[in-house]
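>
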Amino acid sequence: MESSLSDLAKICIHKLVLLSCGLGTVVAPAYLPACQEPLASDPVDRVEIRQAVTANTKVGLWSPLKTMTLSGKIESFDVKSLVIQVTAEDGTLSSKTIASDMVQKVVPAWRGTGLVEAMELFDQRKMQEFSKAFGKLDFKTIPEWQAKFVLAKIVQSRDAANQIVIAGESFLRLANDGAIPELLYADMPLCWTGARTDDVNTKAKEWLKQDSEVARLLGASWLLLGQDALIARKALDELQKSKSPVIAQLAKAQSWRIVPAPETMQQLPTWISERDRMLIPISLGPTEFMMDRLMRIGQNELAIGCAVRIATLHTDNYYRSRRALVAANQLLKKQGRDAEADQVAQWIKKLDGTN
-13 MESSLSDLAK ICIHKLVLLS CGLGTVVAPA YLPACQEPLA SDPVDRVEIR
37 QAVTANTKVG LWSPLKTMTL SGKIESFDVK SLVIQVTAED GTLSSKTIAS
87 DMVQKVVPAW RGTGLVEAME LFDQRKMQEF SKAFGKLDFK TIPEWQAKFV
137 LAKIVQSRDA ANQIVIAGES FLRLANDGAI PELLYADMPL CWTGARTDDV
187 NTKAKEWLKQ DSEVARLLGA SWLLLGQDAL IARKALDELQ KSKSPVIAQL
237 AKAQSWRIVP APETMQQLPT WISERDRMLI PISLGPTEFM MDRLMRIGQN
287 ELAIGCAVRI ATLHTDNYYR SRRALVAANQ LLKKQGRDAE ADQVAQWIKK
337 LDGTN
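Right, here's the structure in full:
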């Protein structure tokens, strides 16, 4: 098992490198509409759509889920669907409706007074300036769906600054008891490692007592490995039966954390299979868990494979991508693999924009 998994890690790394270099093949499923570009003068929202996943859908290394991209103006995006206006070659406008659980990436053309400038500050990682600009935004001028993405960036920045309680409260306001598109759960500040702090645990107990499934999931994740583990486990067991697929998926992935370390390699193929059925953004946390667990049990090659996946597929989250690369760099150095460690160091510099 160990040998085959190591080989699998190398294959995955090679495939991810091909994808990151633009050499992967993206196939549009036949039942999805063809990609249509809007008029060149209009600001363009870009939407990446993944094929629908059912219980019978086969997902694997050699049978990846099909994706495609639409460009146009998003009219709305909520928990049920995304509506986008596209322009055909003859100039005809039409609206297309996509189920929210098929949308795995959105690149907004920011609209609203001061919003473009504010989001440029975020992209430049000037967080103090971004926070000030955020406070001055007039949300009445911003499309409702874009406002949710702006708030998700706030959560992301607070999580990166290790302000977990503030990030958690911000996410709960954003989620509005689950009334957000599935992909935004990628920024939910769940605990995926053994990290614990007293201030978070105190707030987590309050979250766990709320009626909201989102709050209970958040609280359970931070209490799962502490003195309140039993009530956290009970909450996760209940949440795995949630009518919300993303809540159920994340609750199940959280339960992996209580699997004893000696059973990791036995469970790993199942974890990978279940993770790969998630929307790519949602798979970030579960992959971070696997990387951390594999490092702890000395499965270094597989841990590095997880780090490569994170840095390749989750570039939208600079902080977590960088953290994964730093961990991989340190691991390679400890193994005396200086040439590979230097390659990762160069990758980090490129991510930082200093190379």
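Residue 195 in the numbering used here sits at position 209 of the sequence shown, with consecutive numbering throughout.
All C-beta atoms, glycine included, are put in the ideal place defined by N, C-alpha and C.
Quick check on the burial criterion: 16 or more other C-beta atoms within 10 angstroms. Buried or exposed for Y171?
Reading the sequence shown from its first residue, position 185 is the one you call residue 171. Y171 should be labelled buried.
> Going by beta carbon distance, what residues of the same chain come within less than 7 Å of S232, once the five residues before and after it are set aside?
Sequence index remark: in the sequence shown, residue 232 carries index 246 (1-based). The sequence shown places Val at residue 232, not Ser. Excluding positions up to five away in sequence, the list reads E168, Y171, I268.
> If I measure Cβ to Cβ from V330 and keep anything under 7 Å in the same chain, skipping five residues before and after, which residues do I get?
Reading the sequence shown from its first residue, position 344 is the one you call residue 330. L311, A314, N315, L318.
> Can you say whether R159 is buried or exposed, counting buried as having 16 or more other CB atoms within 10 angstroms of its CB?
For the purposes of this step, residue 159 is taken as residue 173 along the sequence shown, with counting starting at 1. That one is exposed.
> I need the straight-line Cα distance from N162 to S198, nearest angstrom please.
Working through the sequence shown from its first residue, we reach residue 162 at position 176. Working through the sequence shown from its first residue, we reach residue 198 at position 212. Going from the Cα of N162 to the Cα of S198 covers about 9 Å.
> Given that a residue counts as buried once 16 or more other Cβ atoms are within 10 Å of its Cβ, and exposed if not, what is K112?
Counted from its first residue, the sequence shown places residue 112 at position 126. It is exposed - the Cβ of K112 has fewer than 16 other Cβ atoms within 10 Å.
> Classify P255 as buried or exposed, calling it buried when 16 or more other Cβ atoms lie within 10 Å of its own Cβ.
Residue numbering aside, residue 255 sits at position 269 when the sequence shown is read from its first letter. By the neighbour-count rule (16 or more Cβ atoms within 10 Å), P255 is not buried but exposed.
> With C-beta atoms as the reference, is L216 less than 8 Å away from A206?
Along the sequence shown, read from residue 1 onward, the residue named residue 216 stands at position 230. Along the sequence shown, read from residue 1 onward, the residue named residue 206 stands at position 220. Cβ atoms of L216 and A206: not closer than 8 Å.
> Of the residues N148, G121, M174, W208, which one's Cα is nearest the Cα of K189?
If you number the sequence shown from 1, residue 189 lands on position 203. Ranking N148, G121, M174, W208 by Cα distance to K189 puts W208 first.
> Start and end of the beta strand (DSSP E) containing S156?
Position 170 of the sequence shown, counted from the first residue, corresponds to residue 156. Where S156 is concerned, there is no enclosing beta strand (DSSP E), although the alpha helix (DSSP H) it sits in stretches over 150 to 161.
> Buried or exposed: which applies to D31, given that a residue is buried once 16 or more other Cβ atoms fall within 10 Å of its Cβ?
Counted from its first residue, the sequence shown places residue 31 at position 45. The residue in question, D31, is buried, as its Cβ has 16 or more Cβ neighbours within 10 Å.
> Where does R36 fall in DSSP's three states?
For this step, residue 36 is matched to residue 50 along the sequence shown. R36 falls in the strand class under three-state DSSP.
> With 16 other CB atoms within 10 Å as the buried threshold, where does K59 fall?
The sequence position of residue 59 within the sequence shown is 73, counting from 1. K59 is buried by the Cβ-count criterion.
> By Cβ distance below 6 Å, which residues in the same chain neighbour T99 in space, the five residues on each side in sequence not counted?
Counting from 1 along the sequence shown, the entry for residue 99 is found at position 113. For T99, where only same-chain residues beyond five positions count, the Cβ hits under 6 Å are D124, T127.
> Is D31 helix, strand or coil when you go by DSSP?
Mapped onto the sequence shown, residue 31 falls at position 45. Strand at D31.
> Whole angstroms is fine: what's the gap from L25's alpha carbon to I166's?
By 1-based counting over the sequence shown, the position of residue 25 is 39. By 1-based counting over the sequence shown, the position of residue 166 is 180. Model confidence at L25 stands at a pLDDT of 44, short of 50, so the residue's coordinates are unreliable and nothing is read from them.
> Please determine if the segment 67 to 74 and the segment 46 to 55 are in contact, where contact requires at least 3 C-beta pairs separated by less than 8 Å.
Too few Cβ pairs lie closer than 8 Å, so no.
> Just curious, the beta strand (DSSP E) that F63 is in, first and last residue?
Walking along the sequence shown from the start, residue 63 turns up at place 77. Looking at the DSSP string, the run of the beta strand (DSSP E) that includes F63 is 53 to 63.
> What residue does the beta strand (DSSP E) around Q71 start on, and which one ends it?
Walking along the sequence shown from the start, residue 71 turns up at place 85. 67 to 73 is the span of the beta strand (DSSP E), which, as asked, contains Q71.
> Could you check the C-alpha separation between L288 and K238 for me, to the nearest Å?
In the sequence shown, residue 288 corresponds to position 302, counting from 1. In the sequence shown, residue 238 corresponds to position 252, counting from 1. If I take the Cα positions, the gap works out to 22 Å.
> Look up Q235 in the DSSP assignment and say whether it is helix, strand or coil.
Taking the first residue of the sequence shown as 1, we reach residue 235 at position 249. Looking at Q235 - three-state DSSP - the assignment turns out to be helix.
> Could you check what DSSP says for S241 in three-state terms: helix, strand or coil?
To locate residue 241, count along the sequence shown from 1; it is residue 255. S241: helix per DSSP, three-state reduction.
> Using the three-state DSSP reduction, which class does I411 fall into: helix, strand or coil?
Since the first and last residues shown for the chain are -13 and 341, residue 411 lies out of range.
> Using 8 Å as the threshold, is the C-beta distance between V39 and L51 below it?
The residue labelled residue 39 in the question sits at position 53 within the sequence shown. The residue labelled residue 51 in the question sits at position 65 within the sequence shown. Yes. Within cutoff.
> Measuring from the CB of Q252, is there a heavy atom of the ligand FAD at a distance below 7 Å?
The model depicted lacks the ligand FAD and carries no ligand whatsoever.
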